[in-house]
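In what follows, a single structure is set out as structure tokens and then discussed.
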Amino acid sequence: MQIRYFLALCLLPNIVLADEPTTTPVPALQCVVVPPVSRSFEDRAALTGISDDQIVIISDQSTVAYNNQAEFSGDVSFSQGRRHIAADNAVLDQKQQRLNANGNLIFKDELFTITANSLEAQMSANNATLKGAQYWLHGQQVHGDAEKLQITSDNNLLLTKTNFTTCPPGDESWLLEAEMIKIDSEEEWGEIWNAKLRIANIPVLYIPYMTIPVSDKRKSGFLFPSFSTSTTNGVEISTPYYWNIAPEFDLTFTPDYMSSRGLYTKTEFRYLAGERQNGQVNFEYLGSDNKLTNNANRYLYHWSHQGAVNDNWRVRANYTDVSDNNYFNDLNSDVNQSTDNQLSRIGEASYFERDWDFNMRVQDIKVLGEDEKPYQVMPQLNFNYRSADIINSIDFRFNSELTNFRHQDNENNTATRLHLVPSLIWPIQGPAGSFTSEVKLLQTQYWQQNIDDDSTLDDSISRTIPQARLHGQVNFERATQLFDEQYRQTLEPQIQYLYVGYEDQSNIGIYDTAQLQEDYYGLFRDRQYSGLDRVADANQFTLGFTTRLFDQTNREKLKFSVGQIIYLENSKVSIEDTYEEATQSTSVLAAELDAQLYNDWFVSGSVQHDTETGKNKKNEVTLDYRPSNDRLLQLSYRYVPDLLNTNTNDQVDISQAGVRASWPISDNLYFVGNFYYDLNESRSIETYTGVQYESCCWALRLSYHYRIKTNYDDDLSETIDGREEFESGVYLNFVIKGLGGSGPLGVDDMLNEGLFNYRKPLYLRN
């Protein structure tokens, strides 16, 4: 059978028109006939050595007149560089350097694909006009129609009487109609004039001018507004504006109007300092808060900076200040949450080498709602040195610290502390276990100033305390069967002996020391207090063990740990001034459990039980049902007795039960909620419920939040008793994907709404 049709392959050299008239003849269209073995343009280019500045036309049939017009028909393919046009018919005018094409027309380049009724391209100017067009942006969900679509010489798009959406074809859940749209291919942003937003084919908003992103590239403009209403702030509307100042700077300004308080403005400035440093500055201001009887001004300023100066130096800074103690309780700050009651101000510079490092730091902590102010660290210098295998696998370490403590109140005493700790460590590691021997000498010198005459503190104190620690662990394992399933069980007993010498420290002030938690891993620490003002003497053993279950795929199914300290001698050092020597022979019995009970059921819990009094000092238990990533049902309970209330200095018991759930109602609709109840006070302390609908092109969330408020005493609140004890609010979030919104909403941020953020309790090693 003979081949009846052939392909006409035509090459047109790149033509550049002179500014002045010329008599130079226009190069003629060069055509060759190629059998239709393959219609691939890449194959033709490889065979003929075609360059990007040449024009290639492939068709079933062609009629070429020398130095005049060329007509092509039958599966026409027109290519120049990375632009490709397919049509039923095309006419190339060589003199005018113009191409006209129509019939099943498709235009494609690196950025977009367009179908149209007709095309007219001016090759010398490298532009084209398409009528009756439909377009799709590559790498985006954006697509739409246009009465006329122009492609400029710099590869931009100009669309007249057009529309676009990010919904799938045939789904017009939302549609933006506009008189004109310009899409800048270099800036990767679109400009829109005289736009009308339709939702479910109903016009809801007229926009005379707006810009939208077509990629992740930054550009100045308004971001999506947010709307909410609550009992404390009233109706709240915020409209953030983003300013892309430069590649290394940007700023977000958010005017937030609250009907009950007034205009609240938030400004966030971010910057890059070189290649490895960054930071941000925040300023928030509410003038004349209408909710307060004295109409006080409220403000926040914050600065943070971190990064590497070079391969050795690291810097870090963080400073925050607010006008009053209840700032985070009343206002929706971008810096901290209502659960944060401490503001840490710190400046730090560190230098690192392989065997040693040096650190300089200044620090101040502001505690909201407390009259007593912590000491300031002004400054602190740390030097640490380490050397391995100095003598027969024995490691040497030297840690030192020089700290100057100052106080904002001049009547308080101040101090300078020098702390030196040389230590020798002999670690023995193996697959069957480990054994570590460690000896330290804690040498501390205090110089205390501004001491009252009746104080027990001394001007100068030298404290020398020896310390020895022996810690061993053995790893056993065996094959076992449980509920007709084969498992590998481990048993990991560990024992520690700790000796810390005694020295009377009642003549030393408390500058940075607090009690540490007595959980399972805390039982094996070598210190009882944080900081260095109190070093508790010790002569004790710690016994503990951990057992694990692994299934046949080596997935950990259970981990259980339990331990306790046995005191050979009671400690005589305390952080309290009115301390009486303890007579307990053991510490709390600390136990922790993480287990996969069955299929999708998980349990996690911890307990700290006082074996001598028979009372629990802390209980926590969580039961999870997690059949999939988007399905969760969690029940929790926690009990903490004798917890100090910082507002009243009274001892209170915490007994709280909670339930948290996340569950899809359908493919696009899901529910998230939580409820926490105070069993002692017989009242709800937080309720959150939210329903969200999300499709591929838009998302809507409606939520309700009810929570207890933390009201601190402060200078701005003349009527502190008039503050609401509880706050409730309704929140509406609506995102149209593709119009520069904050991105798709999700389950994770709903789970983290409120006072009790979701924490996955299970940490099995899988």
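Going by our numbering, the first residue of the sequence shown is number 227, and it counts up by one from there. Where a beta carbon is used, it is the ideal one built from N, C-alpha and C, also for glycine.
Below 6 Å CB to CB, which residues in the same chain sit around Asn-610 once its five sequence neighbours on both sides are set aside?
Within the same chain, Asn-610 has close Cβ partners Asp-583, Asn-625.
Is Gln-568 buried or exposed, if buried means 16 or more other CB atoms sit within 10 Å of its CB?
exposed
Could you check where the beta strand (DSSP E) with Phe-631 kicks off and where it finishes?
Taken as a continuous stretch (DSSP letters only), the beta strand (DSSP E) holding Phe-631 covers 620-632.
What does DSSP give as the partner residues of Asp-410 in its beta bridges?
Partner(s): Trp-415.
Contact defined as beta carbons within less than 8 Å: I believe Gln-1003 pairs with Ile-792. What is the distance between those atoms, to the nearest angstrom?
Residue 1003 cannot be examined here, being either before or after the span of the chain that is shown, 227 to 992.
Skipping 5 residues on each side, what residues in its chain have a beta carbon closer than 6 Å to that of Gly-194?
The displayed coordinates of the chain run from 227 to 992. Any statement about residue 194 would go beyond what the structure contains.
Tell me Ser-175's beta-bridge partners as DSSP assigns them.
This structure does not reach residue 175, given that the chain is present from 227 up to 992, and the question cannot be answered.
Any Cβ of chain D within less than 8 Å of the Cβ of Leu-607?
The structure shown contains no chain D, having only a single protein chain.
Could you give the distance in angstroms between the alpha-carbon of Leu-858 and the alpha-carbon of Tyr-824?
15 Å
Run through DSSP, which three-state label would Tyr-737 get?
coil
Among Glu-412, Gln-860, Gly-916, Arg-502, which has the Cα closest to the Cα of Trp-539?
Arg-502
Using C-beta distances below 7 Å, list every residue in its chain close to Asp-763, excluding the 5 sequence neighbours before and after it, in chain order.
Val-726, Gly-727, Tyr-728, Ser-797, Lys-798, Val-799
Return the Cβ separation of Thr-915 and Ser-892 in integer angstroms, given the expectation that the two are a contact with Cβ distance under 8 Å.
Not quite, the Cβ-Cβ distance comes to about 17 Å (not below 8 Å), so this is no contact.
Would you kindly check if the distance between the Cβ of Ile-281 and the Cβ of Gln-306 is under 8 Å?
yes
Quick one: what's got a C-beta closer than 6 Å to Asp-476's C-beta in the same chain, skipping five residues either side?
Asn-470, Arg-496
Is the Cβ-Cβ distance between Val-603 and Thr-629 less than 8 Å?
yes
Along the chain, where does the alpha helix (DSSP H) that runs through Tyr-553 open and close?
For Tyr-553, the enclosing alpha helix (DSSP H) begins and ends at 553-556.
Can you list, in chain order, the residues of its chain whose CB lies under 6 Å from that of Arg-864, leaving out five sequence neighbours each side?
Glu-846, Gln-882
Around the Cβ of Gly-831, are there at least 16 other Cβ atoms within 10 angstroms (buried) or fewer (exposed)?
Taking every protein chain shown into account, the CB of Gly-831 has 16 or more other CB atoms within 10 angstroms, so this residue is buried.
Entirely within the stretch 561-609 and at least 3 residues each: give me those beta strand (DSSP E) ranges in chain order.
568-578, 582-593
Buried or exposed: Ile-284, going by 16 or more other Cβ atoms within 10 Å of its Cβ?
buried
Run through the DSSP bridge pairs and tell me what His-931 is partnered with.
Tyr-914, Gly-955
Can you give me the C-alpha to C-alpha distance between Gln-722 and Arg-571, rounded to a whole angstrom?
37 Å
List in chain order: all unbroken beta strand (DSSP E) runs of 3+ residues lying wholly within the stretch 288-358.
295-306, 309-319, 324-334, 338-348
Are the stretch 345-359 and the stretch 313-326 in contact at 8 Å, needing three or more beta carbon pairs?
yes
So for Leu-823, helix, strand or coil by DSSP?
strand
In this structure, how does DSSP classify Phe-897 when only helix, strand and coil are distinguished?
strand
Just the C-alpha distance for Ser-485 and Ser-686, rounded to the nearest angstrom, thanks.
59 Å
Count the other CB atoms within 10 Å of the CB of Phe-631; is the residue buried (16 or more) or exposed (fewer)?
buried
Among Arg-643, Gly-659, Ser-663, which residue has its Cα nearest to the Cα of Ser-619?
Ser-663
Would the beta-carbon of Tyr-851 fall within 8 Å of that of Asn-551?
no
On the DSSP bridge list, what partners appear for Glu-711?
Leu-708
According to DSSP, what are the bridge partners of Asn-845?
Val-833, Tyr-865
Just mark Lys-517 as buried or exposed, buried being the case when its beta carbon has 16 or more other beta carbons within 10 Å.
buried
Are the beta-carbon atoms of Arg-927 and Glu-953 separated by less than 8 Å?
no
Please name the residue or residues paired with Arg-886 in a DSSP beta bridge.
According to DSSP, which records beta bridges pairwise, Arg-886 is partnered with Gln-860, Asn-900.
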